[in-house]
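Only one structure is covered here, and it is reproduced in the block below.
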Amino acid sequence: MKPFSRSVIELFDGTKRYVIPMFQRQYVWREEKQLSRLWSDLHAKTKQRMDRKTTSPHFLGAIVIANLPTYGRQVQAYDVIDGQQRLTTFQILLTAFRDVAKSHSSEFADELNKYIVNVGIMDDKTVERYKVWPTQVDRFQMKTLVDSGSLNTVTELEQTSLGRQRTGVEPFMIVAYKYFHQQIADFVATDSADSTHDDRIETLFHTLKHDLALVSIELEGGDDPQVIFETLNGFNEPLLPTDLLRNFAFQRAYREKRGEDDKTPDELYNEYWLPFDQHFWKRDEKQGRLKRPRADIFFQHFLAMKQATDVNVARLYHDYKIWIETEAPYPRIVDELKDLAKFASVFKKLLTPDEPSELSAFAGMLNAFDVKTISPLILFLCGEAELEGDALTQALTILESFLIRRAVCCLTTKNYNRLFLQLVEILRGKGDVVEALRVALLHGTGDAVVWPDDISFKQAWLNRPLYNDLTSSRVQYILKSIEQAKRTTKNEDIHIKSVLTVEHIMPVAWEKNWPLADGSFAKPAIDRLLVDEENPEVEKRALLVNTIGNLTLLTHPLNSSLQNSGWDVKRPEITKQSSLALNRELLDIEVWDDNEIMQRQGKLLEIAVIVWPR
């Protein structure tokens with residue numbers, strides 16, 4: 046390899062192109078971490094030059110490039126092995142500088158354009174005119190910035206074709222352009238007796254040409270780009286596992302021999318990997334106590350499912366690489382990418398319970414009960430065992446029953462990750478996967494893995510204060526499921542879309558408006574504590590109000606308006622405002638008391654054991 050010192054301007058001088066390989070990550074530099082620091086360095090060196098102080102080049106790091114073979118009219122091109130974030134940022138900065146200079150009618154606008162676009166004879170001007178050619182996801186942003194010529198045009202395009210309206214997120218390249226445009230515009234516009242606007246533009250240009258430099262390392266024939274890439278990134282800010290996995294996959298794709306009908310690496314990327322580089326998969330998702338990009342979480346669950354063993358996300362790239370290199374699970378790269386795309390489509394359904402699919406209801410339950418460790422098992426059932434239709438419905442019903450019954454019985458979730466991976470291992474290779482799943486769960490013993498039977502479920506359902514034991518979202522899911530089950534074939538097929546909250550029919554603060562059996566009213570809870578007064582009937586009611594028999598679903602406005610009202614107020618309002626089957630049955634109840642709560646618990650239990658059978 047050969048190192049050379051180049052200024053920012055020298056990097057882009059002459060007819061040349063820097064090509065960012067598709068397997069490198071998108072542009073991610075941000076103002077607070079990198080952009081403001083670069084501008085601070087540039088501003089400081091420019092100020093020194095304006096003050097006529099002696100300056101020496103300030104080094105901004107290094108890039109590593111490799112010469113790409115070019116033929117005929119093609120523009121000389123370099124593969125960017127490392128430093129693509131830095132290189133892209135310099136090009137964005139020069140583009141913003143050009144547009145500011147243009148707004149001042151400065152001759153330097155044309156001069157700067159020489160370092161942004163190639164001119165003259167070339168093979169494909171639609172591609173080769175751009176001195177930096179980013180990954181496909183970023184390509185349109187770069188072309189827009191280079192071709193627009195003004196901040197106003199960039200802003201207009203951002204609201205339409207650049208996709209901000211679709212995702213709600215401003216692309217990083219656009220953020221960087223706006224940042225540099227603002228900083229340069231403010232710098233140039235500063236009033237000074239010693240310098241005009243044109244003077245400041247010229248000084249800034251000469252600073253970029255002489256005072257800011259970096260080391261350009263050019264690889265030679267015997268250098269291994271993959272080894273150098275991994276070594277350099279071991280010292281920089283760590284890449285995300287998905288970035289490393291992309292690099293690993295497409296480095297192999299480039300090395301793999303292809304037949305005439307085989308897809309090129311670019312075509313493989315567009316067909317199978319491109320979605321992983323888009324906004325949906327880059328969004329953070331909560332898993333346990335931490336948030337991670339969805340793509341990283343998917344790859345973690347995918348590898349865990351394939352190996353039926355727990356995978357630490359910190360070792361995801363390392364473990365995936367070892368799995369590919371030692372077990373050779375795929376004959377070709379295309380088979381690996383097809384498999385990833387297939388399982389990713391399943392995982393996406395788990396992430397989007399609001400979108401209709403065969404996993405919608407189950408995914409909603411997983412969100413409510415925060416059981417993400419089951420994902421490898423669901424990937425196996427849908428992707429490898431390829432369950433669908435009635436078979437998939439049966440498998441999901443078994444798993445939901447297992448989870449709901451355990452939650453109602455307040456059993457631990459600590460060993461779920463191990464249990465679900467053991468199930469993958471048990472089910473793999475079985476003919477009747479659904480029956481094998483049922484049998485495996487029925488054989489579980491001990492609090493960590495038992496599937497509660499009807500006796501245990503009934504005991505917890507009738508006696509536990511589920512409002513206190515479970516979160517509101519979990520109680521809400523249970524009540525919604527019972528509501529759906531209560532609707533017969535004669536009812537309209539209604540899917541609950543309203544935002545509903547869990548309401549105590551008899552309020553927690555019941556003492557003022559809800560008399561005891563003898564017609565007397567109990568003292569408020571705080572008063573009973575102060576006098577240490579015991580009353581078995583009062584204590585029984587204090588427990589009953591938080592059991593499932595005293596809970597229902599209401600809209601938040603209705604819930605708030607009723608609060609601690611008596612039954613004579615609540616009953617007509619609930620039956621008038623709510624169309625839920627859960628609430629219509631309350632219409633004929635004249636007195637809502639302890640006995641009614643216990644009777645309703647039993648009625649709801651009859652439905653619950655059907656909805657969540659064992």
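Just add 45 to the spot in the sequence shown (first one is 1) and you have the working numbering.
The C-beta atom is built at its ideal place from N, Cα and C for all residues, glycine as well.
As a quick exercise: from Gln-332, Gly-611, Arg-377 and Asp-384, pick the residue whose alpha carbon is nearest that of Met-350. The residue given as residue 350 occupies position 305 in the sequence shown. Nearest option by C-alpha distance: Asp-384.
Compare the Cα-Cα distances from Asp-322 to each of Leu-253, Pro-286 and Lys-302 and report the closest residue. Position 277 of the sequence shown holds residue 322. Closest option to Asp-322, Cα to Cα, is Pro-286.
For His-549, which three-state DSSP category applies? By 1-based counting over the sequence shown, the position of residue 549 is 504. Three-state DSSP puts His-549 in a strand.
Alpha carbon to alpha carbon, how far is Ala-406 from Glu-618? Working through the sequence shown from its first residue, we reach residue 406 at position 361. Working through the sequence shown from its first residue, we reach residue 618 at position 573. Cα to Cα, the separation comes out at about 30 Å.
Three or more C-beta pairs closer than 8 Å, one from the stretch 448-462 and one from the stretch 403-417: is that the case here? yes
With a threshold of 8 Å, are at least 3 pairs of Cβ atoms found where one atom belongs to the stretch 251-262 and the other to the stretch 84-95? yes
Using the Cβ count rule (16 or more neighbours within 10 Å means buried), how would you classify Thr-597? For this step, residue 597 is matched to residue 552 along the sequence shown. It counts as buried.
Going straight from the alpha carbon of Arg-586 to that of Trp-612, what length do you get? The sequence position of residue 586 within the sequence shown is 541, counting from 1. The sequence position of residue 612 within the sequence shown is 567, counting from 1. Distance between the alpha carbons of Arg-586 and Trp-612 is about 15 Å.
Give the single residue among Phe-68, Ser-517 and His-226 whose Cα lies nearest to the Cα of Tyr-299. Along the sequence shown, read from residue 1 onward, the residue named residue 299 stands at position 254. Here the closest residue by C-alpha is Phe-68.
Looking only at its chain, what residues have a beta carbon closer than 8 Å to the beta carbon of Leu-23, apart from the 5 residues adjacent to it on each side? This structure cannot speak to residue 23, because the chain is shown only from 46 to 659.
So, Pro-66 versus Thr-133, is the Cβ gap smaller than 8 Å? Position 21 of the sequence shown, counted from the first residue, corresponds to residue 66. Position 88 of the sequence shown, counted from the first residue, corresponds to residue 133. No, they are not a contact pair.
In angstroms with no decimal places, state the Cα-to-Cα distance between Leu-464 and Glu-480. The sequence position of residue 464 within the sequence shown is 419, counting from 1. The sequence position of residue 480 within the sequence shown is 435, counting from 1. Whole-angstrom Cα-Cα distance: 17 Å.
Can you name the start and end residues of the alpha helix (DSSP H) that Val-379 belongs to? Translated into the one-based positions of the sequence shown, residue 379 becomes position 334. Per DSSP, Val-379 belongs to the alpha helix (DSSP H) from 378-396.
If contact is defined by three or more beta carbon pairs under 8 Å, each pair taking one atom from either stretch, is the stretch 621-637 in contact with the stretch 419-435? no
Lys-331 (DSSP reduced to helix, strand or coil): In the sequence shown, the residue the question calls residue 331 occupies position 286. Note: Lys-331 maps to strand in three-state DSSP.
Between the alpha carbons of Glu-641 and Cys-454, how many angstroms are there, rounded? One-based indexing of the sequence shown puts residue 641 at position 596. One-based indexing of the sequence shown puts residue 454 at position 409. Using only the alpha carbons, I get a separation of about 23 Å.
So, does the stretch 101-109 touch the stretch 149-166, judging by three or more C-beta pairs under 8 Å? no
Between the alpha carbons of Gln-210 and Glu-203, how many angstroms are there, rounded? As a working note, residue 210 is residue 165 in the sequence shown. As a working note, residue 203 is residue 158 in the sequence shown. Bear in mind that the predicted position of Gln-210 carries a pLDDT of just 46, short of 50, making it too unreliable to give a figure here.
Can you give the Cα-Cα distance for Ser-193 and Ser-150, rounded to whole angstroms? Position 148 of the sequence shown holds residue 193. Position 105 of the sequence shown holds residue 150. Each residue's Cα considered, the two are about 16 Å apart.
Which residues mark the beginning and the end of the beta strand (DSSP E) in which Glu-263 is found? Locating residue 263 in the sequence shown gives position 218, where the first residue counts as 1. Counting along the chain, the beta strand (DSSP E) containing Glu-263 begins and ends at 257-264.
DSSP beta-bridge partners for Tyr-461? Position 416 of the sequence shown, counting from 1, holds the residue named residue 461. The partner list for Tyr-461 (beta bridge, DSSP) is empty, contrary to what the question assumes.
Rounded C-alpha distance that separates Gln-646 from Val-590: As a working mapping, residue 646 is identified with position 601 in the sequence shown. As a working mapping, residue 590 is identified with position 545 in the sequence shown. Each residue's alpha carbon lies about 11 Å from the other.
In terms of alpha-carbon separation, which member of Ser-240, Ala-141 and Asp-236 lies closest to Arg-94? Taking the sequence shown and counting its residues from 1, the one referred to as residue 94 is at position 49. Among Ser-240, Ala-141 and Asp-236, the Cα nearest to that of Arg-94 is on Ser-240.
Pick from Val-177, Asp-307, Leu-313 and Leu-361: whose alpha carbon is nearest that of Tyr-72? Here residue 72 refers to the residue found at position 27 of the sequence shown. Closest option to Tyr-72, Cα to Cα, is Val-177.
Look at Leu-511 and Val-520 and say whether their C-beta atoms are less than 8 Å apart. Here residue 511 refers to the residue found at position 466 when the sequence shown is read from its first residue. Here residue 520 refers to the residue found at position 475 when the sequence shown is read from its first residue. Cβ distance < 8 Å, so Leu-511 and Val-520 count as in contact.
Grab the span of the beta strand (DSSP E) containing Asp-124 for me, first residue to last. Along the sequence shown, read from residue 1 onward, the residue named residue 124 stands at position 79. Residues 122-127.
Jot down the residue ranges of each uninterrupted alpha helix (DSSP H) in the stretch 145-206, minimum 4 residues, whole runs only, in chain order. 153-158, 170-173, 181-193 and 196-203
When Asp-498, Thr-309, Thr-516 and Ser-565 are compared against Val-547, the one with the closest alpha-carbon: As a first step, residue 547 must be located in the sequence shown, where it is residue number 502. The option with the nearest alpha carbon to Val-547 is Thr-516.
Cutoff 8 Å; reference Gln-130; Cβ partners in own chain excluding five residues on either side: For the purposes of this step, residue 130 is identified with residue 85 of the sequence shown, where counting begins at 1. Result list for Gln-130: Tyr-72, Val-73, Trp-74 and Gln-79, in chain order.
Which class does Ile-642 belong to by DSSP, given the choice of helix, strand or coil? The residue given as residue 642 occupies position 597 in the sequence shown. In this structure, Ile-642 counts as helix in the three-state DSSP scheme.
Using the three-state DSSP reduction, which class does Asn-315 fall into: helix, strand or coil? Translated into the one-based positions of the sequence shown, residue 315 becomes position 270. Note: Asn-315 maps to helix in three-state DSSP.
Distance, Ile-500 Cα to Glu-651 Cα: Counting from one through the sequence shown, the residue named residue 651 turns up at place 606. Counting from one through the sequence shown, the residue named residue 500 turns up at place 455. If I take the Cα positions, the gap works out to 12 Å.
Take Leu-138 and list the residues in its own chain whose beta-carbon comes closer than 6 Å to its own, dropping the five residues that flank it on each side. Locating residue 138 in the sequence shown gives position 93, counting from the first residue. Once the five neighbours on either side are set aside, the close Cβ partners of Leu-138 are Phe-225.
Assigned secondary structure, Pro-338 (DSSP; H/G/I helix, E/B strand, else coil): Working through the sequence shown from its first residue, we reach residue 338 at position 293. Strand.
With DSSP run on the structure shown, which of helix, strand or coil describes Val-636? Start at 1 with the first residue of the sequence shown, and residue 636 comes out as number 591. Val-636: coil per DSSP, three-state reduction.
If Asn-460 sits next to Val-495, beta carbons under 8 Å apart, how far is it from one beta carbon to the other, in whole angstroms? The residue given as residue 460 occupies position 415 in the sequence shown. The residue given as residue 495 occupies position 450 in the sequence shown. About 11 Å; that fails the 8 Å criterion.
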